[in-house]
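Below: the structure, in structure tokens.
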Amino acid sequence: MSGMSAAEQATALWTLVRKEYHRILRIWVQTLVPPAITMTLYFIIFGNLIGSRIGEMGGFSYMQYIAPGLIMMSVITNSYGNVVSSFFGAKFGRHIEEMLVSPMPDWLIIAGHVAGGVMRGLCVGALVTIVALFFTDLDVKHPLITVSVVLLTAIVFSLGGFLNAVFAKKFDDISIVPTFILTPLTYLGGVFYSISLLPDFWERVSMANPILYMVNAFRYGILGVSDIGLGKAYLIIITFVVALFWFALVLMKRGTGIRD
Amino acid sequence: MQALSLRGLHKIYPNGVEALKGLDLDVAEGDFFALLGPNGAGKTTAIGIITSLVTKTGGTVTVFGHDLDRELQAAKACIGLVPQELNLNQFEKVLSIVVNQAGYYGLGRAVAMERAERYLSELQLWDRRDDIARNLSGGMKRRLMIARALVHEPKLLILDEPTAGVDIEIRRSMWEFLKKINDEGTSIILTTHYLEEAESLCRNVAIIDHGRIIENDRMSRVLRKLQLETFVLSLDQELAEAPQLDGYAVRLREPGLLEVDVEATQDINDLFEVLSASGLKVVSMRNKANRLEELFLRLVEAGESRT
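Line by line, the protein sequences are chains A and B. FYI, the numbering for the first sequence is 146 to 405, going by my numbering. FYI, the numbering for the second sequence is 341 to 647, going by my numbering.
Okay, here's the thing in structure tokens:
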């Protein structure tokens with residue numbers, strides 16, 4: 146008897162995706178509602194109340210300018226949050242063993258969880274887009290770029306969430322990275338402003354922030370404007386996807402954080 | 341073919357604890373095998389390595405001819421595990437837990453549903469299929485873990501203390517179920533602290549202590565090694581002190597209750613003759629302790645006195 150056939154692997158992957166889908170819906174009050182409310186407040190406070198006094202940015206109203214950034218911010222935090230809580234929850238409750246004793250290869254376990262993260266990221270992204278449409282018009286300039294960038298970004302942060310969950314030993318460990326790394330990088334990643342407004346030094350510093358490339362590439366897809374080159378943005382995002390997936394595979398093979 | 345073969349299995353944990361010290365073990369296909377040992381002997385570590393939940397430090401594991409290092413997926417497909425610790429997703433429905441597990445082994449939804457119904461029904465859980473796991477009793481959770489382990493119909497079922505904390509009635513029904521699936525061809529390895537369970541279910545036994553096998557033989561041969569049995573006799577009269585019975589060690593437990601040691605070389609009929617000659621009438625009689633338990637304690641104590 147050899148390992149799993151391609152059809153069996155597809156069934157196993159679908160099982161993981163389906164399980165994650167049901168988990169997202171089962172706890173929709175935690176997974177879907179809070180980001181929609183938070184982003185509505187962002188639109189009201191930053192976009193409407195403050196934004197009306199700011200005027201234009203990059204040739205667009207401030208509300209239009211921040212809408213792609215806020216959508217991307219919700220995709221990033223929710224992709225990450227879904228995988229880190231789902232996979233760490235499985236570790237904490239020990240039902241990760243259901244997967245580990247099965248013949249599913251490591252890549253498939255990673256892919257199933259990443260698919261769950263992408264699913265939630267895109268669901269929340271779609272909800273926030275609907276909210277945004279109550280406040281401003283969004284005329285998507287480059288649909289293919291918009292979709293590919295949001296998808297790849299969701300994959301990057303789902304993988305990030307997976308790695309965080311692998312290393313996490315207690316619940317505190319799954320909130321440290323989002324609080325102290327992810328949120329600051331997102332806020333400083335050009336969601337609310339164009340980096341051309343920054344002094345030269347801080348503009349150069351901002352270029353080291355990978356989230357800047359994701360937000361700007363997505364903004365280019367929707368509005369057609371960006372602070373950075375599109376090619377460089379794709380290169381960085383794809384490099385992250387490959388590197389994080391490879392790192393996750395290595396950790397799974399070693400059993401880091403999941404096997405005694 | 342061997343269902344399981346361990347050679348020189350070694351495990352040293354990062355904290356320096358040497359849990360397994362070169363374990364060699366064979367379990368034949370179709371066997372019902374007891375793996376016994378005191379707490380911390382290395383049973384769960386060995387099971388963890390076999391099911392790839394624990395990484396080994398050295399040695400080889402072969403499951404139905406599949407080497408764990410070279411054919412991991414094929415080896416895993418042969419095994420079903422019922423772990424010692426509850427490891428159910430407490431927020432998931434009973435049916436989903438079993439159906440999802442089938443999916444992890446690549447079984448399509450139709451087959452998964454059909455098998456989930458079969459095993460949940462056999463383990464008296466089908467009526468609870470829409471309950472979330474958290475709402476089940478302890479015994480039900482244990483049975484759910486058995487259904488989950490069986491849904492891909494493994495050739496080797498490993499049960500790590502499956503009846504811990506389960507009441508006697510459910511325990512007996514679980515024994516019947518396990519006997520049935522063993523009769524149908526599933527090889528079973530059982531660890532338990534209820535030695536009566538091992539004695540009544542298993543054909544072969546290995547006793548592990550301090551990471552080494554200290555006994556490995558047929559259950560009947562192992563039990564024959566026990567040279568002494570203690571019987572508890574209930575008398576039709578009350579005594580003030582233990583009577584003197586020629587050739588037997590006798591203790592008075594209660595006024596009408598005697599404990600008598602009978603060596604393997606002694607005949608139990610002789611005991612009754614001695615009792616009759618002393619004017620004592622026995623109303624009922626039972627073993628003081630489970631025979632395997634007696635032997636187990638002696639072997640472990642002997643091991644400890646050597647170390």
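A virtual CB, placed ideally from N, CA and C, is assigned to each residue, including glycine.
{"query": "Identify every residue that forms a DSSP beta bridge with residue 571/B.", "result": "600/B and 627/B"}
{"query": "Got a sec: is the Cβ-Cβ distance from residue 258/A to anything in chain B below 8 Å?", "result": "no"}
{"query": "So, with DSSP's three-state summary, where would you put residue 205/A?", "result": "strand"}
{"query": "So which of 550/B, 561/B and 617/B has the shortest CA-CA distance to residue 583/B?", "result": "617/B"}
{"query": "Out of 474/B, 350/B, 596/B and 458/B, point me to the one whose CA is closest to residue 365/B's CA.", "result": "350/B"}
{"query": "In the stretch 285 to 367 of chain A, which residue ranges form an unbroken alpha helix (DSSP H) of at least 4 residues, counting only runs that do not cross its ends?", "result": "288 to 312, 318 to 322, 328 to 332 and 345 to 351"}
{"query": "If you measure from the beta carbon of residue 405/A to each beta carbon in chain B, is any gap under 8 Å?", "result": "yes"}
{"query": "For residue 160/A, count neighbouring C-beta atoms within 10 Å of its own C-beta (all shown protein chains included) and say buried if the count is 16 or more, exposed if not.", "result": "buried"}
{"query": "Please compile the residues from chain A whose C-beta is within a distance smaller than 7 Å of the C-beta of residue 388/B.", "result": "405"}
{"query": "Beta carbon of residue 442/B, beta carbon of residue 460/B: below 8 Å?", "result": "no"}
{"query": "I believe residue 437/B touches residue 447/B by the beta-carbon criterion, under 8 Å. Please report the beta-carbon distance rounded to the nearest angstrom.", "result": "Contact flag wrong, Cβ pair sits at about 14 Å."}
{"query": "Taking the alpha-carbon positions, what's the residue 450/B to residue 374/A distance?", "result": "50 Å"}
{"query": "What does a CB cutoff of less than 8 Å around residue 575/B pick up in its chain, not counting 5 residues either side in sequence?", "result": "596, 597, 598, 620, 621, 622 and 623"}
{"query": "Please work out which residues of its chain come closer than 8 Å, Cβ to Cβ, to residue 394/B, disregarding the five sequence neighbours upstream and downstream, and give them in chain order.", "result": "351, 385 and 388"}
{"query": "Check each candidate in 552/B, 506/B and 551/B and name the one with the smallest Cα separation from residue 532/B.", "result": "506/B"}
{"query": "Measuring alpha carbon to alpha carbon, tell me which of 165/A, 151/A, 243/A and 202/A ends up nearest residue 404/A.", "result": "243/A"}
{"query": "Is there at least one Cβ from chain A nearer than 8 Å to residue 392/B's Cβ?", "result": "yes"}
{"query": "Name the residue from 238/A, 182/A and 301/A whose alpha carbon lies nearest to the alpha carbon of residue 382/A.", "result": "301/A"}
{"query": "What residue does the alpha helix (DSSP H) around residue 473/B start on, and which one ends it?", "result": "No alpha helix (DSSP H) contains residue 473/B, which DSSP labels as neither H nor E."}
{"query": "Does residue 429/B come out as helix, strand or coil in the three-state DSSP assignment?", "result": "coil"}
{"query": "When DSSP builds the beta bridges, which residues end up paired with residue 424/B?", "result": "Answer by DSSP bridge pairing: none, since residue 424/B is not bridged."}
{"query": "For residue 354/A, which residues in the same chain have their Cβ closer than 7 Å to its Cβ, ignoring the five residues on either side in sequence?", "result": "330, 333 and 334"}
{"query": "Would you identify the three-state DSSP class for residue 230/A, choosing helix, strand or coil?", "result": "helix"}
{"query": "Return the residues of the stretch 178 to 209 of chain A that lie within a Cβ-Cβ distance of less than 9 Å from chain B, sorted by chain order.", "result": "none"}
{"query": "Do residue 99/A and residue 290/A have their C-beta atoms closer together than 8 Å?", "result": "Given a span of 146 to 405 for chain A in the structure shown, any question on residue 99/A remains unanswerable."}
{"query": "Along the beta strand (DSSP E) that carries residue 259/A, what are the first and last residues, could you check?", "result": "From DSSP, residue 259/A is part of no beta strand (DSSP E) but of the alpha helix (DSSP H) over 251 to 280."}
{"query": "Taking C-beta pairs closer than 8 Å, name the residues in chain A that residue 353/B reaches, listed in chain order.", "result": "405"}
{"query": "Pop quiz: residue 496/B and residue 636/B are said to be a contact at Cβ under 8 Å. What is the actual Cβ separation, rounded to whole angstroms?", "result": "Residue 496/B to residue 636/B, Cβ: 24 Å. No contact."}
{"query": "Count the other CB atoms, across all protein chains shown, that sit within 10 Å of the CB of residue 195/A; report buried if there are 16 or more and exposed otherwise.", "result": "exposed"}
{"query": "Assuming the contact rule is C-beta atoms closer than 8 Å, residue 393/A and residue 241/A should be a hit. Round their C-beta distance to whole Å, please.", "result": "Contact doesn't hold; Cβ gap of about 14 Å is too wide."}
{"query": "Name the residue from 481/B, 396/B, 591/B and 578/B whose alpha carbon lies nearest to the alpha carbon of residue 354/B.", "result": "396/B"}
{"query": "To the nearest angstrom, how far is it from the Cα of residue 266/A to the Cα of residue 176/A?", "result": "10 Å"}
{"query": "Flag residue 243/A as yes if its beta-carbon sits less than 8 Å from any beta-carbon of chain B, otherwise no.", "result": "yes"}
{"query": "Is it right to say residue 384/A is buried, meaning 16 or more other beta carbons lie within 10 angstroms of its own, or is it exposed?", "result": "exposed"}
{"query": "Is it the case that the stretch 403 to 423 of chain B contacts the stretch 219 to 232 of chain A, given that we only count it when at least three CB pairs across the two stretches are under 8 Å?", "result": "no"}
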